[in-house]
Amino acid sequence: MSFFQELEELRLKTPRIGSIRLQNINSEYTHNTDQCKNCYLIANAVKNQDCMYGRDFYGNDDCVDCDHISDCTLCYDCMNASNCYNCTSMQDSADCSDCDFGLYIKGCHDCIGCVNIKQKQYYIFNEPYSKEEYLHKKRTLTRDEIKKKFEELSLSSPHISGILIDADNCFGDNLQHCKNAFLRSTATAAKTSATSKKAKESKTPGIFSCLNKRNCATNAAQTT
C-alpha cells in the first residue's frame, strides 16, 4: 500500500470536527468561520454580519446566496465580487452599486445586464440611457427578460482568460497579490505555490494541492 493510500485510509478512520468556529456571535450553523455575527449556513468566512447561504465570505454585511465575495453589502446571488453594494447576480465584478446582472464590470452604478464595462452609470445591456429613460426601462423589464438578454450578451462578448491582479509569474484564475503561483484558483497574497484552490497568504514554498487554506506553511514529515 502506498503512502497516499495509507493516508487516505487513516483520514477516513479518524473522527472529524463537525464545525470550526472562532469568536462568533449567534452563528452556530456555520463552518470554518471567525468573527461572524448572526450568520447562517456559510463556510470559510471571516468578519461577516447577517449573511446566509454561501462560502468564502470576507467582511460582508447582509449578503445571501453568494460565493467568494468580500467587503460587500446587501448583495444577492453574486460570485467573485468585491466592494459591491445592493447588487444582484454579479460575477467577477468590483466597486459597483445598485447593479443587476453584471459580468466583468467595475466601478459601475445603476447598470442592468452589462458585460465588460467600467465606470459607467445608467447602462442597460451595454447601452447608455439618461436617468429618466433608465428608471422607466427598469420598471418595464422583468427579471426573466433581463436574465435571457444578459446571457445572450455574455455569450457574444469577449471573455478574459483569467482574473489576475498584481500577479507576477502566475497561471490560474482569480489571483490577487500573488507571485509564482501555478494552476491556482481564488488566491490572495500567495507566493511560490502550486495546484491550490481558495488559499490565502500561503507564502512558504511547498504548499501543494490544498483547499481553503489561510496563513499556511510547509508541514511535511522528514526522515533521516
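So the sequence shown is numbered by numbering that gives the first Met the number 0: it starts at 0 and just counts up by one. Note that the Cβ used here is the ideal one computed from N, Cα and C, for glycine as well.
Around the Cβ of residue i, are there at least 16 other Cβ atoms within 10 angstroms (buried) or fewer (exposed)?
i           : result
residue 21  : exposed
residue 18  : exposed
residue 102 : buried
residue 25  : exposed
residue 67  : buried
residue 173 : buried
residue 143 : exposed
residue 99  : buried
residue 145 : buried
residue 159 : exposed
Do the CB positions of residue i and residue j come within less than 8 Å of each other?
i           : j           : result
residue 88  : residue 69  : no
residue 39  : residue 57  : no
residue 94  : residue 109 : no
residue 76  : residue 65  : yes
residue 107 : residue 120 : yes
residue 45  : residue 61  : no
residue 63  : residue 71  : no
Kindly list the residues whose CB is nearer than 6 Å to the CB of residue i, restricted to its own chain and excluding five residues on each side of it in sequence; keep chain order.
i          : result
residue 43 : 31, 54, 55, 211
residue 47 : 35, 38, 56, 59
residue 92 : 80, 101, 104
Using a Cβ-Cβ cut-off of 8 Å (strictly less than) and excluding sequence neighbours within five positions of residue i, which residues of its own chain qualify?
i           : result
residue 124 : 111, 112, 113, 148, 149, 152
residue 157 : 115
residue 1   : none
Report the three-state DSSP secondary structure of residue i (helix, strand or coil).
i           : result
residue 145 : helix
residue 139 : helix
residue 88  : strand
residue 126 : strand
residue 154 : helix
residue 133 : helix
residue 9   : helix
residue 120 : strand
residue 4   : helix
residue 72  : strand
residue 57  : strand
residue 19  : coil
residue 169 : coil
residue 105 : strand
residue 24  : strand
Kindly list the residues whose CB is nearer than 7 Å to the CB of residue i, restricted to its own chain and excluding five residues on each side of it in sequence; keep chain order.
i           : result
residue 136 : 123, 128
residue 130 : 121
Could you tell me whether any non-hydrogen atom of the ligand NAD is closer than 7 Å to the CB of residue i?
i          : result
residue 48 : Absent from the structure shown: the ligand NAD. Ligands present: none.
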